[in-house]
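With this note's numbering applied, the sequence shown corresponds to residues 11 to 303, in that order.
Here is the structure we will look at.
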Amino acid sequence: MDNLSIPIKFLDEYLPKADPAYIVVYLYTYRYVSQGKKPPSNSKIAASLGIKESDVCDAMNYWSTLGFNLGGKTVIKSLHKSVYTPGEIAERVQNDKKLSWLFEETQSTLGKILSSADMLTLFWIYDYLGLNHQVIMLIVNYAKKNNKASMSYIEKVAADWMDKGIDTVRKAEKHLAMLDERNTYEYNIKKMFGIVDRSLTPSERTITQQWQNELKPSNELLLAAFDINIERTGKLSIKYINGILKSWAEKGIDTSCKATKEVKDTKPSNFKQREDIDFDAKELEILKKRIGR
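See below:
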């Protein structure tokens with residue numbers, strides 16, 4: 011059974027002042043929101059808790075005025091970091107070996123002494139978001155590896171992981187492995203197409219991820235489509251290449267030999283693919299040369 015992490019500071023500062031009905035509504039709803047799930051309707055919450063629906067509405071309004079949005083996943087980020095004092099953080103570091111380890115390992119990984127702001131952010135991730143200290147270190151290492159070792163980036167990734175339910179070492183390692191595979195594939199695509207001075211655009215990245223996960227074209231097919239794209243338009247267009255690859259995929263063309271035969275057997279006046287590309291004898295010759303190297 012998964013655990014539900016409620017920050018001590020939240021319990022100390024907010025719950026003692028709230029109506030008991032508001033508290034149970036918050037806890038019941040937070041159980042969904044903290045996992046990135048949409049909470050039930052007010053009527054279903056009322057039925058589950060055995061209270062009036064009007065009480066649920068009042069509770070939602072109460073927490074909303076305090077900055078807690080119980081209608082979506084952002085509730086896990088609502089507690090402002092300013093509620094934590096330097097003295098409280100220092101005391102927790104002395105009494106919490108996991109937190110102390112986290113600070114020491116982060117300093118070692120980033121190669122610098124953590125500032126007060128850095129420690130506040132890490133403590134907020136650890137205490138309020140409730141991420142495991144080992145999971146946080148995986149984020150720190152990931153940020154360092156990608157040359158984005160700022161605390162703001164680490165905080166952003168931590169909040170994103172919580173929204174996605176990536177809250178254990180096993181889930182984090184699986185997610186990081188997926189990201190590594192995606193980055194490696196993207197790197198190979200850029201190298202293959204001669205992209206050296208820029209990152210892929212969001213739309214290009216979406217297309218290449220479809221290639222990796224769905225179309226799965228071979229390097230030979232990618233290069234063949236690339237050559238046709240350049241000859242036809244004079245410039246690289248991943249969207250254009252995608253049109254060629256999708257057309258080939260729909261026709262069951264999954265090897266360079268089949269691609270060559272398709273171009274050879276198709277009359278230029280009749281052949282059209284998704285981006286309205288037609289192949290002539292010159293393009294066929296380019297394709298043959300590419301495949302033959």
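Quick reminder that beta carbons are idealized off the backbone N, C-alpha and C, glycines included.
For residue i, count neighbouring C-beta atoms within 10 Å of its own C-beta (all shown protein chains included) and say buried if the count is 16 or more, exposed if not.
i, result
"Asp170", "exposed"
"Asn252", "buried"
"Leu76", "exposed"
"Lys199", "Correcting the residue type first, residue 199 is Ile in the shown sequence and not Lys. Per the 10 Å Cβ criterion, buried."
"Met202", "exposed"
"Met188", "exposed"
"Val206", "exposed"
"Lys122", "exposed"
"Tyr197", "exposed"
"Ile176", "buried"
"Leu21", "exposed"
How many angstroms separate the CA atom of residue i from the CA atom of residue j?
i, j, result
"Tyr163", "Asp264", "40 Å"
"Leu232", "Thr218", "11 Å"
"Asp190", "Ser74", "39 Å"
"Gly60", "Val34", "11 Å"
"Ala269", "Lys261", "10 Å"
"Thr243", "Lys249", "12 Å"
"Lys181", "Lys107", "23 Å"
"Thr84", "Ser15", "For Thr84, the predicted model reports a pLDDT of 37, less than 50, meaning its position is unreliable; a value from the coordinates is still stated below. Cα to Cα, the separation comes out at about 15 Å."
"Asn71", "Ser58", "19 Å"
"Gln3", "Ser126", "Any question about residue 3 goes unanswered here, given that the chain covers just 11 to 303."
"Ala259", "Leu225", "7 Å"
"Ser110", "Ser266", "57 Å"
"Asp308", "Thr194", "Lying outside 11 to 303, the shown extent of the chain, residue 308 is not represented and no answer is given."
"Glu230", "Leu255", "11 Å"
"Tyr42", "Lys174", "12 Å"
Please determine, among the options, the residue with the shortest C-alpha to C-alpha distance to residue i.
i, options, result
"Ala168", "Lys155, Thr178, Met188 and Leu141", "Leu141"
"Ala56", "Tyr38, Gly175 and Arg215", "Tyr38"
"His185", "Lys158, Phe78, Leu246 and Val145", "Val145"
"Ser53", "Glu214, Arg41, Lys47 and Asp68", "Asp68"
"Ser44", "Phe113, Leu255, Pro96 and Phe78", "Phe78"
"Glu23", "Tyr94, Gln222 and Lys47", "Tyr94"
"Asn223", "Glu214, Arg192 and Gly97", "Arg192"
"Thr211", "Glu183, Ser228 and Leu246", "Leu246"
"Glu183", "Tyr152, Leu132 and Val103", "Tyr152"
Just to confirm, are residue i and residue j a CB contact at a threshold of 9 Å?
i, j, result
"Thr116", "Asp128", "yes"
"Ile135", "Glu165", "yes"
"Leu130", "Ile149", "no"
"Ala28", "Tyr36", "yes"
"Leu139", "Met172", "yes"
Can you name the start and end residues of the alpha helix (DSSP H) that residue i belongs to?
i, result
"Phe78", "Element bounds for Phe78: n/a, residue is neither H nor E."
"Leu232", "Asn229 to Thr243"
"Ala168", "Met161 to Asp173"
"Ile251", "Ile248 to Glu260"
"Gly140", "Premise fails: Gly140 is in no alpha helix (DSSP H) and is neither H nor E."
"Asn223", "No alpha helix (DSSP H) holds Asn223; DSSP gives it neither H nor E."
"Val206", "Looking at the DSSP string, Val206 is not in any alpha helix (DSSP H), and its letter there is neither H nor E."
"Gly97", "Pro96 to Asn105"
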